[in-house]
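The next block holds one structure in the form of structure tokens; read it before the comments.
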Amino acid sequence: MSGAPGKAGPSRSEPRMRVLVVANTEFTPPYVDERAAHILAGAEPRSWIHGVDADLTFLDQRLLTGPPRLMRSFYRRLPFRLVQVLEAYRVGPRFDVVLCWSIADVTLVLASLLKITGRKVPIVALLTRVSEAKKARLLRFSHSRIARIILPPESQREFAICKLGVPPGKFVDLPWTVDTEFWHSEDSAATTTISAAGGEMRDYATLIRAMDGLDIPCHIAGSLDPNRRDWWRDDSDRAHALPSNVTVRPMSPVELRELYERSRFVVLPLQSTDSDNGITSMNEAWSMQRGVVCSQVAGQRNAFTPGVEGVWVPPGMLMHSEKRS
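If you're matching positions, the sequence shown starts at 164 in the working numbering and goes up one per residue.
Structure below.
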């Protein structure tokens, strides 16, 4: 931008916004800001965070915010999410924005601490599900300390506004994003393969039963973990009794892209959920020009137009009833 109106002078740019990114560290390392080489090499898609025009400081296990040595020693004795709360509270006023990225428990505890102490830290929070009882209580108490909330699922926004009293003006209406350059099909011709991917709130037991006895290959890009409550609810020995036409294996982003490309369509078998679980796989499939068969759950309301981008089916049924008819 130029100088003040009516005054000549050298042009100068505005100072870049300083953003503290408090991100979910469950899958780090590798760290988000260290993945540029993988992205440039085409090994993984870009995240929306890579397009943010600001000076980003990530609050992760590296503790790049520079706590004193004594405080570092104290932090080692604490769960890391509590460390993120305390460190964001400590250094937050140094930043223009504290972006809490998909880490609701840290966000809501930090906002509650700010409200109790009266300290001001500008928080922007990306959340996905606030209807869980503990999260709902914390958000009801602390939303006054959150400047803006990004909450894509329509059902969750309605809950926050109607049940928790969060002002509608706090919500930023941003859709989920997808890297359309990475998730791009070079060949529109698909095979008869059916694919599925992802983990949260999936009902893969129903999908596997539906595929049993069909002469159609199906690959699930993931792991069947009988100890994970929201993934595999059948007896653990079912994981060792897959039909011959069903394969299961985790895949890299490049492998998953190749799976989508040879898929006739992508299946999202979901357990009953009021959040938009599966939206990432759904967007990837659409970017690859593949239709979606999705369980009709409350959290995916208005996610797409049935009969255009995909098809709704009753939860727990998928193609099972059609196969038996």
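Glycine included, each C-beta is placed from N, C-alpha and C at the ideal position.
Next on the checklist: Output needed for Asp-398: all residues of its chain with C-beta closer than 7 Å, excluding positions within five of it in sequence on either side, in chain order.
Outcome noted: Stepping through the sequence shown from its first residue, residue 398 is reached at position 235. The pLDDT assigned to Asp-398 is 41, lower than 50, so where the model puts this residue is not dependable; a value taken from the coordinates is nonetheless given after this. Result list for Asp-398: empty, nothing under 7 Å.
Item to check | According to DSSP, residues forming a beta bridge with Arg-365 | outcome: As a working mapping, residue 365 is identified with position 202 in the sequence shown. Leu-433.
Checklist entry - Counting only runs that start and end within the segment 261-309, where is the alpha helix (DSSP H) found for 4 or more residues in a row? => result Taking only runs of at least 4 residues, the alpha helix (DSSP H) segments lying wholly in the segment 261-309 are 267-280 and 296-305.
Item to check | Whole-angstrom C-beta distance between Ala-206 and Val-417, which should lie under 8 Å | outcome: Here residue 417 corresponds to residue number 254 of the sequence shown, with the count starting at 1. Here residue 206 corresponds to residue number 43 of the sequence shown, with the count starting at 1. Taking C-beta atoms under 8 Å as the contact rule, Val-417 and Ala-206 qualify, at a distance of about 6 Å.
Checklist entry - Would you report the Cα separation of Leu-370 and Asp-259, rounded to the nearest angstrom? => result As a working mapping, residue 370 is identified with position 207 in the sequence shown. As a working mapping, residue 259 is identified with position 96 in the sequence shown. Roughly 47 Å separates the two Cα atoms.
Checklist entry - Which whole runs of the beta strand (DSSP E) in the segment 334-360 are 3 residues long or more, in chain order? => result Here the runs fully enclosed are 356-360.
Checklist entry - Under a three-way DSSP split, which group does Leu-219 fall into? => result Taking the sequence shown and counting its residues from 1, the one referred to as residue 219 is at position 56. DSSP places Leu-219 in strand when its eight states are reduced to three.
Checklist entry - Can you tell me whether DSSP reads Ser-190 as helix, strand or coil? => result Translated into positions along the sequence shown, residue 190 becomes position 27. Sequence inspection shows Phe at residue 190; the Ser mentioned does not correspond to that position. Three-state DSSP puts Phe-190 in coil, outside helix and strand.
Item to check | Contact between the segment 233-252 and the segment 366-386 (3+ Cβ pairs under 8 Å) | outcome: At 8 Å Cβ cutoff, the stretches do not touch.
Checklist entry - When the Cα atoms are used, what is the spatial distance from Ile-313 to Arg-232? => result For this step, residue 313 is matched to residue 150 along the sequence shown. For this step, residue 232 is matched to residue 69 along the sequence shown. Going by the C-alpha atoms only, they are around 35 Å apart.
Next on the checklist: Mapping the DSSP letters down to three states, classify Val-471 as helix, strand or coil.
Outcome noted: Looking up residue 471 in the sequence shown gives position 308. Three-state result, Val-471: coil.
Item to check | Pick from Glu-317, Leu-431, Phe-190 and Thr-188 that is closest to Trp-449, judged by C-alpha positions | outcome: To locate residue 449, count along the sequence shown from 1; it is residue 286. Taking the Cα of Trp-449 as reference, the smallest distance to any Cα among Glu-317, Leu-431, Phe-190 and Thr-188 is reached at Leu-431.
Checklist entry - How should Gly-361 be labelled, buried or exposed, when 16 other C-beta atoms within 10 angstroms of its C-beta is the threshold for buried? => result Position 198 of the sequence shown, counted from the first residue, corresponds to residue 361. By the 10 Å Cβ count, Gly-361 comes out buried.
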